[in-house]
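All letters in the sequence shown, in the order written, are residues 3 to 470 by the numbering used here.
Step one of this worksheet: look at the structure below.
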Amino acid sequence: MESPNTDAWQRLSANLSRTDWSRFQSYAKRVRSLSYDSDNLYRDESGPPLPPNAMAMLCLHHPDGLPLLPHLETLEWSSDGSPTSIVSFLSSQVKALEVEIVSDSLTVNNFLYAAARKSPNLESFTLKTDKSSIDVEDALRKAIGTWTALQSLTLPRYYLRPSILEDVASLPNLMYLQHTYWHDPQYDEAAVLRDLPRNPFPKLESFSFNGDPASTCRLIQSHTEFFARLSGLHLTAPYGAGDADIQKFFHHLGKTCPDLLCVKLDLWLTREFRKEDVSPLPLEILESLFPCRGLEVLAIGHPFPVTINETDVERMATAWPSLSIFAVGYEFDSSLPIPGNMGHSLSILSAFAKHFPRMQVLGLFFASEKFVGFQGDLYPEHEFLNLEKLIVGVSAVPGGKLHDAAFLIASLCIQKPIIRAGQSEWYSGEEHPKWPDHRRQWGETEQLLEFAMRTKISGRAKMLKTVD
3 MESPNTDAWQ
13 RLSANLSRTD
23 WSRFQSYAKR
33 VRSLSYDSDN
43 LYRDESGPPL
53 PPNAMAMLCL
63 HHPDGLPLLP
73 HLETLEWSSD
83 GSPTSIVSFL
93 SSQVKALEVE
103 IVSDSLTVNN
113 FLYAAARKSP
123 NLESFTLKTD
133 KSSIDVEDAL
143 RKAIGTWTAL
153 QSLTLPRYYL
163 RPSILEDVAS
173 LPNLMYLQHT
183 YWHDPQYDEA
193 AVLRDLPRNP
203 FPKLESFSFN
213 GDPASTCRLI
223 QSHTEFFARL
233 SGLHLTAPYG
243 AGDADIQKFF
253 HHLGKTCPDL
263 LCVKLDLWLT
273 REFRKEDVSP
283 LPLEILESLF
293 PCRGLEVLAI
303 GHPFPVTINE
313 TDVERMATAW
323 PSLSIFAVGY
333 EFDSSLPIPG
343 NMGHSLSILS
353 AFAKHFPRMQ
363 VLGLFFASEK
373 FVGFQGDLYP
383 EHEFLNLEKL
393 IVGVSAVPGG
403 KLHDAAFLIA
413 SLCIQKPIIR
423 AGQSEWYSGE
433 EHPKWPDHRR
443 QWGETEQLLE
453 FAMRTKISGR
463 AKMLKTVD
């Protein structure tokens with residue numbers, strides 16, 4: 003078995019001897035973690051790719067039918083075809099399993115049955131697939147019923163149909179219930195949460211689910227004790243984004259759940275409800291969460307961008323002193339008329355650096371017409387101490403001035419942040435014709451940012467040397 007590029011791929015003999023397998027098994031016993039991607043889409047570029055049929059060849063020649071890696075504990079697997087080969091890596095030792103299957107429903111079902119049988123002691127499971135929950139419901143319920151040790155479960159959106167929800171809610175050790183956007187199964191009304199079983203989720207700390215704001219308000223009121231003990235909540239609302247319902251939802255959330263550390267709200271309308279009336283989020287909704295004094299993460303996706311000023315930033319810092327991730331309204335639905343005054347100038351970054359110096363991830367929408375030039379000071383009084391990522395969404399570089407943007411950002415950072423442009427996983431609108439150019443602008447800005455940071459670091463070193 004050989005690739006056209008013999009420097010990258012290795013030949014696997016069709017006649018592996020028992021001596022070969024003895025050598026393999028001496029190494030195999032040491033392996034604790036394996037990540038395999040059949041298309042090499044997520045491969046680290048520092049290493050050569052693995053041929054697509056390499057795993058199948060290994061399984062074919064493995065002599066005893068035992069697990070290929072007997073002490074494997076963590077397994078990540080991505081396949082756009084049959085994941086049959088993964089079965090040879092499953093065992094009772096596997097504690098964490100993440101699998102992406104883009105194939106037919108029968109294949110997904112067969113995998114779930116096999117995983118439940120061969121890896122009954124899972125503590126973490128993530129499923130990424132485009133198949134609807136109704137197509138794999140029986141197999142998934144069988145697996146969930148087996149995995150009583152599960153502490154973390156991540157499923158595609160629209161998977162918590164009532165029967166599946168009841169099984170998941172009874173898991174005695176589950177602490178994290180998340181959903182993934184990697185593949186987006188079709189909308190399923192039955193998987194929009196309307197009620198919870200009696201005494202649900204005995205140990206749950208973080209809860210991700212689909213539900214409209216009005217129904218979720220009623221859930222919070224009827225299951226106050228459950229929601230009050232959550233530290234994380236992620237709501238995906240496919241509809242019901244009207245002002246009154248959203249304000250009421252935020253009010254109940256802040257009042258009932260003051261111990262929340264992480265709030266993620268996907269308020270994008272799905273394609274089925276795109277004609278629903280929606281307006282920009284009022285800033286009062288953020289104030290409703292001020293009782294959550296320990297809040298560390300706030301992320302809100304919405305069809306309209308959100309605009310705040312320095313006073314708002316100061317008040318948020320007073321309410322949420324531990325906030326390290328703030329990503330709110332940094333993209334918009336291009337099919338909607340966006341008011342011209344929406345969005346920020348880059349000067350708002352100075353306010354965040356002043357009041358949130360330990361911010362790690364910041365996501366904002368910047369208005370192209372609100373240009374603020376760089377004034378030449380690379381060493382202002384207030385800087386971000388460890389900003390890792392600046393999310394600009396679908397924004398244009400204000401004024402198209404890439405150099406000014408790069409040096410202004412550099413002036414406010416001690417280390418270079420990553421600039422992430424483009425739609426988020428939540429985005430459900432159409433691509434605007436200007437957005438590819440916006441992404442190009444920010445890509446060039448990030449290159450200039452590297453130069454600006456080198457200039458800043460070099461200048462600071464010279465100043466310190468002069469002081470000494």
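Using N, Cα and C, we set each Cβ at its ideal position, and we do this for glycine too.
Output needed for K133: all residues of its chain with C-beta closer than 6 angstroms, excluding positions within five of it in sequence on either side, in chain order.
Leaving aside the five residues that flank K133 on each side, the residues in its chain whose CB is nearer than 6 angstroms to its CB run, in chain order, S107, V110.
Just verifying my parser: in three-state terms, what is the DSSP assignment at V170?
helix
Helix, strand or coil for N212, going by three-state DSSP, please let me know.
strand
Going straight from the alpha carbon of T218 to that of F251, what length do you get?
7 angstroms
Helix, strand or coil, according to DSSP, for V394 in the structure here?
strand
Cβ distance (whole Å) where A355 is taken to contact E385 below 8 angstroms:
6 angstroms
Backbone CA spacing between L36 and E448 [nearest angstrom]
Cα-Cα distance, rounded: 33 angstroms.
What is the rounded straight-line gap between the Cα of L414 and the Cα of W444?
17 angstroms
Would you tell me roughly how many angstroms separate the C-alpha atoms of I310 and I302, rounded to the nearest one?
14 angstroms
Spatial distance of S48 from E78 (CA atoms):
Only weak support is given to the placement of S48: the predicted model assigns it a pLDDT of 48, under 50, and the value that follows is read from those uncertain coordinates. Answer to the nearest angstrom: the Cα atoms are 19 angstroms apart.
Put I310 into one of helix, strand or coil per three-state DSSP.
coil
Along the beta strand (DSSP E) that carries Y178, what are the first and last residues, could you check?
178-182
Using a Cβ-Cβ cut-off of 6 angstroms (strictly less than) and excluding sequence neighbours within five positions of Y44, which residues of its own chain qualify?
At Y44, the pLDDT of 46 sits below 50, so the modelled position is not reliable; the number obtained from the coordinates is stated separately. Closer than 6 angstroms at Cβ, skipping near neighbours: no residue.
R159, buried or exposed, once every other Cβ within 10 Å from all chains shown has been counted against 16
buried
Where T21 falls: helix, strand or coil (DSSP):
It is helical.
Where does L114 sit, in a helix, a strand or coil, going by DSSP?
DSSP places L114 in helix when its eight states are reduced to three.
I'd like to confirm the pairing. Which residues does DSSP put opposite Y38 in its beta bridges?
Its beta-bridge partners are W79.
Closest by C-alpha distance to V299, when choosing among A319, P284, T468
For V299, the nearest C-alpha among the options comes from A319.
Roughly how many angstroms separate the alpha carbons of K403 and L392, rounded to a whole number?
17 angstroms
Are I411 and L451 touching if we call contact CB-CB under 8 angstroms?
yes
With DSSP as the reference, label G458 as helix, strand or coil.
Checking the sequence shown, residue 458 turns out to be Lys, not Gly. DSSP places K458 in helix when its eight states are reduced to three.
Which residue marks the beginning of the alpha helix (DSSP H) containing G256, and which one marks its end?
245-258
If we count the other Cβ atoms within 10 Å of its Cβ and call it buried at 16 or more, is I420 buried or exposed?
exposed
So for H236, helix, strand or coil by DSSP?
strand
Excluding the five sequence neighbours on either side, which residues of its own chain have a C-beta within less than 8 angstroms of the C-beta of L74, listed in chain order?
V33, R34, S35, L36, F91, S93, Q95, V96
Between the Cα of G461 and those of G378, H440, W437, spot the shortest distance and give me the residue it belongs to.
G378
Report the three-state DSSP secondary structure of C294 (helix, strand or coil).
coil
Three-state class that DSSP yields for K120 in the structure shown
helix
Proximal residues to E286 (C-beta, below 7 angstroms), its chain only, five neighbours per side dropped:
Q249
Kindly give me the distance between the Cβ atoms of E139 and Y178, rounded to whole angstroms, as I take these residues to be in contact under 8 angstroms.
So it is not a contact: roughly 22 angstroms between Cβ atoms.
I'd like the ranges of any beta strand (DSSP E) spanning at least 3 consecutive residues and lying wholly in the region 323-407.
For the region 323-407, the continuous beta strand (DSSP E) assignments of 3+ residues that do not extend past its boundaries occur at 327-330, 363-365, 391-395, in sequence order.
Have a look at the DSSP bridge pairing and note the partners of I421.
L392
With the cut-off set at 8 angstroms, would you say V170 and I136 are in Cβ contact?
no
Local conformation of L129 per DSSP, three classes
strand
Where S105 sits in the DSSP three-state scheme
coil
Residue range of the alpha helix (DSSP H) that includes A192
Following the DSSP letters along the chain, one finds A192 in no alpha helix (DSSP H), marked with neither H nor E.
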